[in-house]
Every structure is written in structure tokens, then in C-alpha cells.
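A short worksheet on the structure shown next.
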Amino acid sequence: MGAHFGDVKDHRVVDIAVRSVTDPPALRGLMLALFQQRDVPEPVGDIVVTGNADERVREMEQELAATQEHLQTTIEELETSNASHHPLLKSSS
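Here our numbering is used: position 87 in the sequence shown is 111, and no number is missing along the way.
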């Protein structure tokens with residue numbers, strides 16, 4: 025993971041490493057900061073495409089389907105709970 029600099033049009037990622045200096049002995053106790061610019065993928069709109077985009081889309085679609093199923097189950101459980109606690113309430117389904 026690197027430090028991010030710049031704005032949307034000119035974005036750069038820089039890896040920063042800090043090491044203690046041991047040689048020569050006169051420099052012991054000092055720290056050396058190393059900066060290395062890293063290539064980053066070109067953004068496509070607001071999305072940065074890396075690796076296999078089709079595979080990531082499939083994963084996200086599966087996550088969405090699972091979330092929708094969980095939400096539907098939660099809604100049904102809430103409706104059942106409300107109906108059992110308030111017999112006058114009727115389910116809208």
C-alpha cells in the first residue's frame with residue numbers, strides 16, 4: 025500500500041520505506057527515507073480496473089443477490105414478528 029498524491033487528473037502512488045542507517049558508523053542513528061513511485065492502473069470513470077473485471081463483476085453480482093435474499097428474509101421475519109405481537113396488523117403480502 026502506498027501514499028496517494030495528486031488530484032483526479034494527476035494521481036500518483038508512492039511507496040515510502042524508512043530504514044535506519046548502520047554504515048558508515050558516523051551515520052548510525054540516522055534514518056533514510058526511500059520514495060518509489062508505483063504505476064497505477066488508469067481509472068475508467070470512477071472505477072479503477074485491475075485484474076479480471078468480468079470475474080469481479082460476477083462476484084459482486086453474487087454478493088448483491090445474497091444481500092437481497094438476506095434482506096427479504098429479514099423483512100419477512102419482521103412482518104411475522106409484528107403480526108404475532110400485534111394481531112390487528114395484517115401483512116401486506
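Just so it is clear, CB atoms sit at the ideal spot from N, CA and C, and this is done for glycine as well.
* From Q86 to G53, what does the alpha carbon distance come to, in whole angstroms? -> 53 angstroms
* **Where D39 falls: helix, strand or coil (DSSP)** => strand
* **Beta-carbon proximity check, V42 vs F59, cutoff 8 angstroms** => It is not a contact, given that the beta carbons lie outside the stated cut-off.
* Residues bridged to A57 (per DSSP) -> V42
* **DSSP-derived helix/strand/coil call for R80** => helix
* Using the Cα positions of A89 and V81, report the straight-line distance between them to the nearest angstrom. => 12 angstroms
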